[in-house]
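Position one of the sequence shown corresponds to residue 3 (our numbering), numbered consecutively onward.
Just so it is clear, CB atoms sit at the ideal spot from N, CA and C, and this is done for glycine as well.
It should be emphasised that the depicted structure is a prediction, and the values quoted were computed from it without experimental measurement.
Have a look at the structure below before the remarks.
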Amino acid sequence: MPLDPSFFQPQDAAQLPRYAGLPTFMRLPMLDMAQIAEVDIALLGIPWDAGTTNRAGARHGPREVRNQSALMRKVHHVSRIAPYDLARVADLGDVALPPSGIEIGLAAIEAFYRRVSEAGVRPLSVGGDHLITLPVFRGIARGTALGMVHFDAHSDTNDSYFGGQKYTHGTPFRRAVEEGLLDPKRTVQIGIRGSVYDPADLDFALAAGIRVIPMEEVAARSTEDLLAEARAIVGDAPSYISFDVDCLDPCYAPGTGTPEIGGMTTLQAQHLLRGLQGLNLVGADVVEVSPPFDVGGVTALVGATMAFELLCLLADAHANRGRLPAAAVEGGAA
3 MPLDPSFFQP
13 QDAAQLPRYA
23 GLPTFMRLPM
33 LDMAQIAEVD
43 IALLGIPWDA
53 GTTNRAGARH
63 GPREVRNQSA
73 LMRKVHHVSR
83 IAPYDLARVA
93 DLGDVALPPS
103 GIEIGLAAIE
113 AFYRRVSEAG
123 VRPLSVGGDH
133 LITLPVFRGI
143 ARGTALGMVH
153 FDAHSDTNDS
163 YFGGQKYTHG
173 TPFRRAVEEG
183 LLDPKRTVQI
193 GIRGSVYDPA
203 DLDFALAAGI
213 RVIPMEEVAA
223 RSTEDLLAEA
233 RAIVGDAPSY
243 ISFDVDCLDP
253 CYAPGTGTPE
263 IGGMTTLQAQ
273 HLLRGLQGLN
283 LVGADVVEVS
293 PPFDVGGVTA
303 LVGATMAFEL
313 LCLLADAHAN
323 RGRLPAAAVE
333 GGAA
């Protein structure tokens with residue numbers, strides 16, 4: 003028997019204080035994968051950082067983002083989107099992953115997200131390091147390459163590390179382009195900055211047709227101008243938003259593996275996310291929250307807040323475009 007729509011509402015903080023009860027994303031009900039057909043948008047944790055090249059700890063991100071997401075309420079204060087009135091949303095738990103073993107982890111995430119895709123559900127994922135986006139794409143981008151709006155300090159289009167390691171959090175989008183999962187000409191990367199290993203580090207991204215917008219350009223242009231370009235690049239075909247918290251200046255998000263000074267403010271990032279309402283979104287993620295390096299939970303709060311912004315966009319996409327077909331984005335329809 004289907005669950006009643008009233009089931010898919012967060013616990014009311016006026017009835018049960020935020021510090022009480024079991025922590026779930028946004029204080030939503032917890033379901034298991036056997037119940038995935040009941041939901042339209044699944045909040046999912048990917049506690050895995052085997053792709054990290056320096057400061058590990060993002061495997062602890064989903065748990066702390068769940069804790070901080072208790073501070074989120076039901077209605078967006080600017081857009082007035084009430085996501086839980088537009089879509090059935092639930093916490094579907096974490097992908098079961100070993101703490102190491104890259105190939106095993108990639109395969110497990112891909113298999114998990116293939117089930118999500120086959121159910122016609124839009125996933126909103128919390129990582130985990132940025133390598134997790136590659137197997138998510140493998141699971142959901144069947145039949146057509148996705149477009150992407152990518153917020154990050156780093157392009158993540160390097161070829162390899164450590165003498166030939168092809169799978170790290172610095173390589174996912176090169177692999178995604180090579181595998182036909184990501185359309186580089188429908189991809190825009192916003193906030194890129196910081197020193198590089200080699201002058202040629204961005205050559206692949208630029209040659210492939212990815213629009214790389216460095217942080218200096220972000221600072222020089224208006225939000226409206228940036229959004230107009232990003233929306234034109236992505237277009238109306240199926241797309242994805244990936245938000246790495248290191249796109250923000252580390253004064254706003256110190257708890258991350260590869261911080262770079264000179265980044266966006268949280269408000270800048272929120273304005274940019276809000277301006278993406280209406281895109282043909284099939285999924286989104288927040289990655290690289292690393293609680294061991296956090297200060298007072300502020301980065302986990304950033305992760306939770308950006309996840310709520312993304313949830314509102316996904317709920318709007320569901321309300322205006324309907325539930326994804328069982329084949330997800332196969333054939334370019336959503």
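Starting from residue i, follow the beta strand (DSSP E) in both directions and report where the run begins and ends.
i    : result
H152 : 148-153
R213 : 213-216
L46  : 43-48
Against chain C, with Cβ distances strictly below 9 Å, would residue i count as a contact?
i    : result
A328 : In the structure shown, chain C does not exist; there is a single protein chain.
Taking the alpha-carbon positions, what's the residue i to residue j distance?
i    : j    : result
V118 : R144 : 12 Å
C314 : F10  : 15 Å
P294 : T26  : 20 Å
G237 : G324 : 18 Å
A58  : P64  : 14 Å
L18  : D96  : 24 Å
I263 : M217 : 10 Å
C340 : D87  : For residue 340 there is no data in the structure shown, the boundaries of the chain being 3 and 336.
A319 : L99  : 30 Å
M308 : P201 : 32 Å
G196 : G23  : 41 Å
G211 : G299 : 37 Å
L5   : L94  : 15 Å
G305 : V289 : 8 Å
M35  : A317 : 20 Å
P137 : S244 : 13 Å
Y199 : E66  : 32 Å
G280 : S241 : 11 Å
P101 : H156 : 24 Å
N160 : L208 : 12 Å
N322 : A44  : 18 Å
E219 : D227 : 11 Å
P49  : V80  : 31 Å
D131 : H171 : 6 Å
F114 : P261 : 30 Å
A109 : A16  : 42 Å
A221 : Q191 : 14 Å
I104 : L312 : 28 Å
Y163 : G107 : 18 Å
G47  : V128 : 5 Å
V291 : T301 : 6 Å
I235 : A39  : 32 Å
G141 : A178 : 12 Å
A330 : R75  : Confidence is the limiting factor: at A330 the pLDDT is only 44, short of 50, which leaves the residue's position unreliable and the question unanswerable from this model.
L275 : L133 : 22 Å
Just to confirm the assignment, what range does the alpha helix (DSSP H) spanning residue i have?
i    : result
F164 : Here F164 belongs to no alpha helix (DSSP H), and DSSP marks it neither H nor E.
D158 : Run containing D158: none; DSSP gives neither H nor E here.
L94  : L94 -> not in any alpha helix (DSSP H); beta strand (DSSP E) instead, spanning 91-96.
D227 : 225-236
I142 : 135-142
Taking DSSP's pairing of strands, which residues face residue i in a bridge?
i    : result
R124 : I43
L250 : M266
Y242 : M150, G285
G257 : For G257, which the question treats as bridged, DSSP gives no partner whatsoever.
G129 : I48
Please identify the residue among the options whose C-alpha is closest to the C-alpha of residue i.
i    : options                : result
L269 : A255, L281, G259       : A255
S71  : L30, D34, D51          : L30
T258 : A239, Y242, Q272, D296 : D296
R233 : D246, R213, P252       : R213
L303 : L312, L73, V179        : L73
V340 : T267, A230, L33, G280  : The structure shown does not extend to residue 340, since the chain is modelled only from 3 through 336, so no value can be given for it.
F153 : R140, T146, G166, T135 : T135
G285 : F164, L183, V123       : V123
L184 : V151, Y163, L204       : V151
L126 : P327, R140, V91        : V91
A89  : Q272, P12, T189        : P12
R188 : G149, G165, E120, L278 : G149
E204 : D287, N56, D158        : Here residue 204 turns out to be Leu, not Glu, going by the sequence shown. Out of D287, N56, D158, D158 has the C-alpha closest to the C-alpha of L204.
I215 : R177, G265, I111       : G265
P282 : Q272, C253, A239, A271 : A quick correction: the sequence has Asn, not Pro, at residue 282. When each option's Cα is compared against that of N282, the closest is A239.
D251 : L229, I194, F310       : I194
A271 : A328, T225, Q167       : T225
(request) Let me know the alpha helix (DSSP H) ranges lying completely inside the region 284-317, each 4 residues or longer, listed in chain order. (result) none
(request) Please list the segments of the beta strand (DSSP E) lying wholly inside the region 167-216, counting only runs of 3 or more residues, in order along the chain. (result) 184-194, 213-216
(message) Suppose only complete runs of 3+ residues qualify. What are the beta strand (DSSP E) ranges in the region 23-89, listed by chain order?
(response) 43-48
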